[in-house]
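Taken in sequence, the protein lines are chains W and X.
Quick note on the working numbering: the first sequence kicks off at 9 and runs consecutively.
Quick note on the working numbering: the second sequence kicks off at 62 and runs consecutively.
Positions of the beta carbon are idealized from the N, C-alpha and C atoms, including for glycine.
As the structure is a computational prediction, the values presented were derived from the model and not from experiment.
Shown next, in structure tokens, is the structure this report addresses.
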Amino acid sequence: MGSASVLDRLFERGRGGGAGFATPSQWTLRGRVERREAYSRPEAPATLEEQTAAPNGAASGREAGTSSGSSRPRRRGGRPSTGPRGGAKRRVQHPWWFALPALAVFAAFFLVPNVLNFFYPFTNWSAFHSSISFAGLSNFRTIAHDGSLQLALRTTLEYAVGVAIFQNGFGLILALLLEKDTRFNRFFRAVFFLPVLLSALAVGYVFQALLNQDGAVNALLSDLTGTHVDIAWLGSTTWTLVLLTVIHGWKWMGLAMLVYLAGLKSIPGDVTEAAALDGAGAWRAFWAIRFPMLAPALTFNVTTALIGSMNTFDIVQATTKGGPADSTQVFNIYMFRIFGEGLYAQASAMSLVLFAVVVVIAIPVILGMRRRERVLL
Amino acid sequence: MRVLSYRTLRPALVVAMALVFIGVPLWLVLVTSAKPQGEAIKPNLALPRHWQPGTNYRGTFDQGQMLRGFVNSVLVVVPSVVLVLLLGAGAAWVFARRSGRLVSAAYALSISGLLLPPAVITIVMELRQLGLANTRPGMIAVYTGMYLSTAIFFMTGFIRTLPYELEEAARIDGAGSWKVFTRIVLPLLRPVIATATIMVMLFAWSDVFYAFFVLGGGADATLPLNLYQVASAALYLNNWHLIFAYVALMSLPMVAVFVIAQRRIIAGITSGAVK
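This is the structure we're talking about:
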């Protein structure tokens with residue numbers, strides 16, 4: 009929102025400035041008049057506009073100051089006015105030291121380890137050496153040569169895509185089924201939220217008991233069909249990974265459902281009414297009107313799904329431990345195993361690869377979705 | 062006609078889905094937790110022929126160290142949540158109310174933990190050097206660092222929507238920064254504190270991955286770590302009866318929290334998500 013409005017203004021200024029010398033079109037003229045009005049407006053309503061640009065307050069303030077051409081002093085930062093004693097005083101009112109404890113803890117236990125993670129992968133740090141010395145790229149060479157790097161990369165990405173699909177799919181279906189705010193629906197929303205409250209490790213054990221070759225699902229299928237069913241649900245090198253993403257989606261579908269419900273609720277009623285008047289059926293109205301308006305909810309859910317699945321461990325460990333034949337060995341499973349073997353630097357190298365994957369793949373996807381969402385709405 | 066049929070079918074569909082997708086796993090946990098080991102080796106949905114819930118649930122306390130695990134979990138999760146909320150609120154207040162390039166940079170840096178993965182291997186290295194490896198304070202510090210970003214992100218967004226006049230009125234009445242923060246800002250943050258609490262609890266209470274690295278086994282093991290040990294204790298003879306008694310008991314606190322604070326949790330999650 010913030011950066012969009014700044015961009016809009018910049019864009020408008022560019023056109024308006026050029027038009028000042030050339031023939032001014034009606035459009036730019038109107039833009040200028042509006043701007044003039046904005047500055048002559050009393051302070052209070054003008055701040056509303058500023059407030060929406062709060063994250064980029066400083067930038068927008070400076071930009072507006074140069075573009076207006078008026079000599080009226082503008083405070084940086086776009087906060088509601090406090091009269092003449094504004095700026096300098098405000099600074100003291102929110103002293104930095106309120107933020108320092110948080111910054112210190114975050115730096116010490118999140119940022120510093122991540123910085124160290126750019127150093128230790130290039131050493132021979134392990135349980136077998138008493139000292140740590142520089143080892144160049146040997147750790148990366150090892151994990152690339154034995155194939156575990158490519159395997160972890162592929163498995164984790166497939167896992168992430170699967171989770172994004174299933175978590176969103178299940179959540180959206182549940183939200184649509186339970187959309188109306190009735191007592192019946194509220195009860196079942198709570199029921200479908202239950203898996204979110206369970207620990208992922210517990211969920212993994214439940215599904216291992218269900219899907220084992222002599223587990224509950226095969227027993228149930230045997231009873232229903234009258235024949236002996238023994239499908240190795242957790243023993244397929246292709247389908248077990250997919251099944252794990254379904255389980256992960258199942259665990260978090262309640263959260264996705266709540267987010268979609270909130271999204272559905274925020275759609276103004278007259279929009280769907282207008283669609284109905286125009287003769288759109290429920291199906292058409294959903295895909296043409298309501299689904300596009302769920303973009304923020306979709307972005308949030310895809311974000312949590314991607315981040316959650318990049319850091320997945322519990323469900324995989326409890327069901328397959330990375331097997332069969334390493335076909336479900338995601339990054340964290342590999343790190344856990346190799347760290348247990350005492351090869352710390354090698355585990356750290358894999359951790360750095362995971363960091364790179366998140367920065368290169370997950371974050372651009374998320375930012376791209378956010379940008380798209382702005383265009384849509 | 063089609064609308065009518067959907068209208069009548071929907072409740073039946075919802076109930077059927079709930080039975081299959083939630084009922085079956087839940088039923089499996091409960092019946093298996095009441096079976097003797099011999100019956101539970103091949104887990105199925107049948108009722109136990111021989112009921113022994115008492116023995117199994119007692120087993121989670123003797124063999125599974127349920128009570129110690131519970132205390133350990135509380136001693137790690139509660140301080141983490143409190144620290145995340147307090148430190149996060151202070152930072153969010155500054156980030157929301159001040160402006161300038163430095164503030165933007167600090168804000169961007171502190172919410173980077175929303176997306177970036179924690180570097181778990183080097184965290185262990187650092188904790189060893191600080192003498193915090195395998196200790197509760199170490200675990201608390203790691204959880205706090207991991208979830209501060211979430212709290213700061215939600216809270217900063219929320220404080221920006223609060224009217225500034227409230228703080229100003231307190232200033233005019235002579236309140237200092239500390240007083241404004243504790244008397245005005247913190248109470249106003251209540252809805253978002255509920256959200257942040259439940260988010261942090263959801264993750265920290267059930268986390269096993271980071272606990273593995275930081276706490277290891279040992280006397281400080283949390284509930285999920287204990288569960289893992291119970292499950293790994295019998296490699297050749299699956300002790301599903303104990304595992305599921307453990308799962309049922311271990312999940313109770315979170316379910317209780319949810320039942321008590323259901324409305325606030327749902328409102329909090331949904332209001333925070335769709336910005």
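(request) Grab the span of the alpha helix (DSSP H) containing A202/X for me, first residue to last. (result) 197-222
(message) Can you look up F142/W in the DSSP assignment and give me helix, strand or coil?
(response) strand
(request) Grab the span of the alpha helix (DSSP H) containing R197/W for me, first residue to last. (result) 191-205
(message) Taking only three categories from DSSP, how would you classify T320/W?
(response) coil
(message) Distance check for A231/X and P88/W, CA to CA, integer angstroms please.
(response) Low local confidence applies: a pLDDT of 47 at P88/W is under 50, so the model's placement there is unreliable, with the coordinate-based value given in what follows. The alpha-carbon atoms of P88/W and A231/X are separated by roughly 16 angstroms.
(request) Alpha carbon to alpha carbon, how far is S173/X from L263/X? Give it in angstroms, no decimals. (result) 20 angstroms
(request) Indicate the three-state DSSP secondary structure (helix, strand or coil) for T246/W in the structure shown. (result) coil
(message) Relative to the C-alpha of P248/X, which candidate in P314/X, I220/X, P97/X, Y289/X has its C-alpha closest?
(response) I220/X
(message) Taking DSSP's pairing of strands, which residues face T312/W in a bridge?
(response) According to DSSP, which records beta bridges pairwise, T312/W is partnered with nothing at all.
(request) With 7 angstroms as the C-beta to C-beta threshold (strictly closer), list the residues of the stretch 283-294 of chain X near chain C in chain order. (result) Considering every chain present, this structure includes no chain C. Its protein chains are W and X.
(request) Please name the residue, chosen from G151/X, P140/X, V139/X, Y307/X, that lies closest to K240/X on a Cα-to-Cα basis. (result) G151/X
(request) Look up T327/W in the DSSP assignment and give the residues it is bridged to. (result) Beta-bridge pairing links T327/W to no other residue.
(message) Which of the three DSSP states is assigned to A163/W in this structure?
(response) First, the residue type needs correcting, since residue 163/W is Thr and not Ala in the sequence shown. Three-state result, T163/W: helix.
(message) In the DSSP assignment, the alpha helix (DSSP H) including A217/W goes from what residue to what residue?
(response) 208-219
(request) Rounded to whole angstroms, what's the CA-CA distance from P300/W to R197/W? Just pull it up for me. (result) 23 angstroms
(request) Give the straight-line distance between the Cα atoms of T256/X and L232/W, rounded to the nearest whole angstrom. (result) 44 angstroms
(message) In this structure, how does DSSP classify T131/W when only helix, strand and coil are distinguished?
(response) strand
(message) Residues of chain X with CB closer than 8 angstroms to the CB of H102/W, please, in chain order.
(response) W154, V155, R158, R159, S238
(request) Would you kindly work out how many angstroms separate the C-alpha atoms of A172/W and S317/W, rounded to a whole number? (result) 8 angstroms
(message) I'd like to know whether the C-beta of A61/W is nearer than 8 angstroms to at least one C-beta of chain X.
(response) Note on A61/W: pLDDT 38, under 50, position unreliable in the model; the coordinate value appears next. Not an interface residue.
(message) Against Y128/W, what residues of chain X qualify as contacts under a CB-to-CB distance less than 8 angstroms, listed in chain order?
(response) I182, T183, M186
(request) Compare the C-beta of M265/W with all C-beta atoms of chain X and state if any pair is closer than 8 angstroms. (result) no
(message) I want to see whether chain X comes within less than 8 angstroms of P276/W, judged by CB atoms only; does it?
(response) no
(request) Compute the distance between the beta-carbons of I304/X and Y213/W, then report whether it is under 8 angstroms. (result) yes
(request) Give the DSSP-derived three-state secondary structure of W6/X in the structure shown. (result) Because chain X spans 62 through 336 in this model, residue 6/X falls outside it and cannot be assessed.
(message) Once the 5 residues before and after P104/X are set aside, which same chain residues still bring their CB inside 7 angstroms of it?
(response) L89, T93, W301
(request) Below 8 angstroms CB to CB, which residues in the same chain sit around L144/X once its five sequence neighbours on both sides are set aside? (result) I201, T205
(request) Measure the beta-carbon distance from R271/X to T217/X and round it to whole angstroms, keeping in mind my assumption that it falls under 8 angstroms. (result) Reading the sequence as shown, one finds Tyr at residue 271/X and not Arg. Y271/X to T217/X, Cβ: 25 angstroms. No contact.
(message) Run through chain W and tell me which residues come within less than 9 angstroms of T93/X, C-beta to C-beta.
(response) A217, A224
(message) According to DSSP, simplified to helix, strand and coil, what is R325/X?
(response) helix
(message) Could you give the first and the last residue of the continuous alpha helix (DSSP H) run that contains R189/X?
(response) 181-191
(message) Helix, strand or coil for K259/W? Go by DSSP, reduced to three states.
(response) helix
(request) Measure the C-alpha to C-alpha separation of S78/W and A212/X and round it to an integer number of angstroms. (result) Any reading at S78/W is ruled out, since the residue's pLDDT is 39, under 50, leaving its predicted position unreliable.
(message) Quick check on L89/X - is its C-beta less than 8 angstroms from some C-beta in chain W?
(response) yes
(message) Residues of the stretch 343-354 of chain W in Cβ contact with chain X at a cutoff of 8 angstroms, in chain order, please.
(response) M343, F344, F347, Y352
(request) Would you check if there are 3 or more beta carbon pairs closer than 8 angstroms linking the stretch 263-275 of chain W to the stretch 354-362 of chain W? (result) no
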